[in-house]
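Number of protein chains: 2
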Amino acid sequence: MMEPQGTTAMTQAFDGAALDAGERPSGGGGTLLMYDVYRRIRDDIIMGRLEAGRRLRIEKLKADYGTGASPLREALSLLIPEGFVDRLEHRGFRVSFVTLAEFDDLLSMRCWAESRALRASIERGGKDWESRIVLALHWFTQAFPDHDARDARAGERRRLHKALHMALIAECGSPLLLDLCSQLFDRNDRYRSLVNFAAPADRDYVAEHDRIVEAVLRRDAEAAVGALVDHYGNLRRQLEPILTP
Amino acid sequence: MMEPQGTTAMTQAFDGAALDAGERPSGGGGTLLMYDVYRRIRDDIIMGRLEAGRRLRIEKLKADYGTGASPLREALSLLIPEGFVDRLEHRGFRVSFVTLAEFDDLLSMRCWAESRALRASIERGGKDWESRIVLALHWFTQAFPDHDARDARAGERRRLHKALHMALIAECGSPLLLDLCSQLFDRNDRYRSLVNFAAPADRDYVAEHDRIVEAVLRRDAEAAVGALVDHYGNLRRQLEPILTP
DNA sequence: ATTTGCCATTTTGTCGATAAAACGGCCCGG
DNA sequence: CCGGGCCGTTTTATCGACAAAATGGCAAAT
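Residue numbers (the numbering used here), protein chains in the order written: chain R, 236 to 480; chain C, 236 to 480.
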């Protein structure tokens, strides 16, 4: 049950992680040590650098993230309701497990929630909304040629991918729905990382997104939702062999 | 903008708050000081004992809840993503504001989410599910004759009301959907408290729930969802005059 | 040989103390 | 008379230390 120490390279000390700003649990500034740790641990879990089931011992985390216990505990507490961390009362924290059941739940919720958000956006969105989608697609497409999960730019690609999907539904008009979709997206990305490590690239990500965006810009809600649901369903196929040994 | 100190009676020190157990952010034991203050602050906000906009100063909270700063900060951090508390970076915490816009967003999300959950439950639920609903309705009905928001049993009534609504959707099969509904319910209850203080009882709560349960037990999904949506919409009517001065 | 109970060690959860940041009042200048 | 900048006070965010709980190993008993 215990992990070999050196295998998974941890994010060492304070490297310039200022790139992916603009990601708080729900609004807030930025100069708060706790939010920095929060984001770094969360990213480490999502990107698979902290693998499922791993115990998160405070002393080790203090060393790895170069901070005190108080911000760490606050950060870990936040990650629990988001489903990334489990708490064993009086026995500390650990990275939550990944299961096919949870993924299926996520998938079903995502299709349902994002379909609603996308339809509303298509109905309400204006020219500026379209512009932001076009732009997001551009940067996403440009960043995607290289496609290695272990790559240093993997985090940046993930950020651009999320930006594109959030841009699509940005005009749905419901802050709560946007929050929900954002959280589901992040949680789902753990499984995407898993796949990217095991079975890299047997699908054309760029084409799938082109198809969605093209339907959205045509204001064809049915086609757009269909393309989106297909897009999400594809991960299921890739994931099944990995998670059922 | 600042509040007169003595007006709102605070929950003083450690009174026997052990009644409403079984309410963690998302699973967990119970013997953890932090979860206790979390639940107490949350309830105080939902029940209106901590009014919107009020600054939550650590020193005062330490005195009121009889605990140290560390569990308090963790508890407050948890209440932020749930929408009950706002954080002003380097300026501490305060109770979040209530707005008609947020309520409308909540209402729309709730109708949408619970409709799905209820339909799924009606499709999948068995006899034991029906039993738990009948039971929940019984206790809810019995507790409701007295109906004063300032009442000492108001917290217990709220608990029974939530138990009934959760029992209805319990068999939807999706943990994520249940979590969502639970959170939306709590957030909505803040507005219910507001109404109960201002305009007590110009509707027949028991009859409204009877109508929902009756349709559910008949397995009439359309009627059940209709009754549920009406039930939620009624609060909107009562709330509008209060929140638009 | 296996199980049971105890003790030392480790790790958590909580508490007081410190440094940094924001607030409020005052003085000064326009 | 009013606005802007400086300084003391208050409050926050973070750090190190303590006490309670859990883990693991050893010895004794079945």
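From the three backbone atoms N, C-alpha and C, an ideal C-beta is built for every residue, glycine too.
Since this is a predicted model, take the numbers as computed values, not measurements.
Considering only C-alpha positions, which residue in the set the options is nearest to residue i?
{"i": "L341 of chain R", "options": "C:A336, C:L415 and C:Y467", "result": "C:L415"}
{"i": "N469 of chain R", "options": "R:G360, R:S343, R:A389 and R:A371", "result": "R:S343"}
{"i": "D386 of chain R", "options": "R:V272, R:L314 and R:F432", "result": "R:F432"}
{"i": "D363 of chain C", "options": "C:E349, C:L403, C:W347 and C:A336", "result": "C:L403"}
{"i": "G390 of chain R", "options": "R:M282, R:R277, R:D271 and R:L268", "result": "R:M282"}
{"i": "H444 of chain C", "options": "C:W374, C:L478, C:R277 and C:P480", "result": "C:W374"}
{"i": "A355 of chain R", "options": "R:C407, R:A287 and R:L291", "result": "R:C407"}
{"i": "A398 of chain C", "options": "C:F420, C:D439 and C:E475", "result": "C:F420"}
{"i": "I477 of chain C", "options": "C:I447, C:V430, C:A336 and C:L372", "result": "C:V430"}
{"i": "Q418 of chain R", "options": "R:R345, R:E294 and R:Y273", "result": "R:R345"}
{"i": "P316 of chain C", "options": "R:L411, R:V460 and R:D455", "result": "R:L411"}
{"i": "T302 of chain R", "options": "R:E324, R:P380, R:T334 and R:L267", "result": "R:L267"}
{"i": "E475 of chain C", "options": "C:F338, C:A352 and C:R351", "result": "C:F338"}
{"i": "L463 of chain R", "options": "R:H400, R:R277, R:D439 and R:R427", "result": "R:H400"}
{"i": "L413 of chain R", "options": "R:L311, R:L285, R:L353 and R:Y270", "result": "R:L353"}
{"i": "R471 of chain C", "options": "C:V448, C:D439 and C:R427", "result": "C:R427"}
Say whether chain C places a C-beta atom closer than 8 Å to the C-beta of residue i.
{"i": "M401 of chain R", "result": "no"}
{"i": "L411 of chain R", "result": "yes"}
{"i": "L478 of chain R", "result": "no"}
{"i": "L341 of chain R", "result": "yes"}
{"i": "E309 of chain R", "result": "yes"}
{"i": "S356 of chain R", "result": "no"}
{"i": "L475 of chain R", "result": "With the sequence shown as reference, residue 475 of chain R is identified as Glu, and Leu is not the correct amino acid for it. Closer than 8 Å: no."}
{"i": "E324 of chain R", "result": "yes"}
{"i": "R471 of chain R", "result": "no"}
{"i": "T266 of chain R", "result": "yes"}
{"i": "R393 of chain R", "result": "no"}
Just how far apart, CA to CA, sit residue i and residue j?
{"i": "E358 of chain R", "j": "A450 of chain R", "result": "13 Å"}
{"i": "K370 of chain C", "j": "R308 of chain R", "result": "As written in the sequence, residue 370 of chain C is Leu, which differs from the Lys given in the question. When rounded, the distance between both Cα atoms is 40 Å."}
{"i": "G262 of chain R", "j": "G361 of chain C", "result": "Here G262 of chain R scores only 37 on pLDDT, less than 50, and its place in the model is too uncertain to base an answer on."}
{"i": "Q473 of chain C", "j": "L296 of chain R", "result": "50 Å"}
{"i": "F328 of chain C", "j": "T479 of chain R", "result": "45 Å"}
{"i": "R290 of chain R", "j": "L452 of chain C", "result": "46 Å"}
{"i": "D437 of chain C", "j": "S409 of chain C", "result": "35 Å"}
{"i": "A287 of chain C", "j": "R275 of chain C", "result": "16 Å"}
{"i": "R422 of chain C", "j": "G318 of chain C", "result": "7 Å"}
{"i": "A336 of chain C", "j": "V272 of chain C", "result": "29 Å"}
{"i": "G461 of chain R", "j": "L395 of chain R", "result": "22 Å"}
{"i": "F487 of chain C", "j": "I368 of chain C", "result": "The structure shown has nothing for residue 487 of chain C, since chain C only spans 236 to 480."}
{"i": "R393 of chain C", "j": "A434 of chain R", "result": "50 Å"}
{"i": "E294 of chain C", "j": "E324 of chain C", "result": "17 Å"}
{"i": "A442 of chain R", "j": "Y467 of chain R", "result": "14 Å"}
Compare the C-beta of residue i against all C-beta atoms of chain R and say whether one is closer than 8 Å.
{"i": "D278 of chain C", "result": "no"}
{"i": "R290 of chain C", "result": "no"}
{"i": "M344 of chain C", "result": "yes"}
{"i": "S312 of chain C", "result": "yes"}
{"i": "E406 of chain C", "result": "no"}
{"i": "S417 of chain C", "result": "no"}
{"i": "W347 of chain C", "result": "yes"}
{"i": "S305 of chain C", "result": "yes"}
{"i": "R329 of chain C", "result": "no"}
{"i": "P380 of chain C", "result": "no"}
{"i": "R425 of chain C", "result": "no"}
{"i": "R359 of chain C", "result": "no"}
According to the neighbour-count rule (16 or more other Cβ atoms, all chains shown, within 10 Å of its Cβ), is residue i buried or exposed?
{"i": "E457 of chain C", "result": "exposed"}
{"i": "Q377 of chain R", "result": "exposed"}
{"i": "R326 of chain C", "result": "exposed"}
{"i": "D424 of chain R", "result": "buried"}
{"i": "A348 of chain C", "result": "buried"}
{"i": "D299 of chain R", "result": "buried"}
{"i": "A405 of chain C", "result": "buried"}
{"i": "D279 of chain C", "result": "buried"}
{"i": "S366 of chain C", "result": "exposed"}
{"i": "L372 of chain R", "result": "buried"}
{"i": "R454 of chain R", "result": "exposed"}
{"i": "P380 of chain C", "result": "exposed"}
{"i": "R292 of chain C", "result": "exposed"}
{"i": "A304 of chain C", "result": "exposed"}
{"i": "D321 of chain C", "result": "buried"}
On the DSSP letters alone, give me the boundaries of the beta strand (DSSP E) that residue i sits inside.
{"i": "F328 of chain C", "result": "G327 to V330"}
{"i": "R392 of chain R", "result": "Not the beta strand (DSSP E): R392 of chain R falls in the alpha helix (DSSP H), residues A389 to I404."}
{"i": "R367 of chain C", "result": "Note, R367 of chain C: premise wrong, no beta strand (DSSP E); alpha helix (DSSP H) at K362 to A378."}
{"i": "L323 of chain C", "result": "V320 to L323"}
Can you tell me where the alpha helix (DSSP H) with residue i in it begins and where it stops?
{"i": "G468 of chain C", "result": "A456 to L478"}
{"i": "M269 of chain C", "result": "L268 to I281"}
{"i": "L311 of chain R", "result": "A304 to L314"}
{"i": "A287 of chain R", "result": "Neither: A287 of chain R is in no alpha helix (DSSP H) and is coded neither H nor E."}
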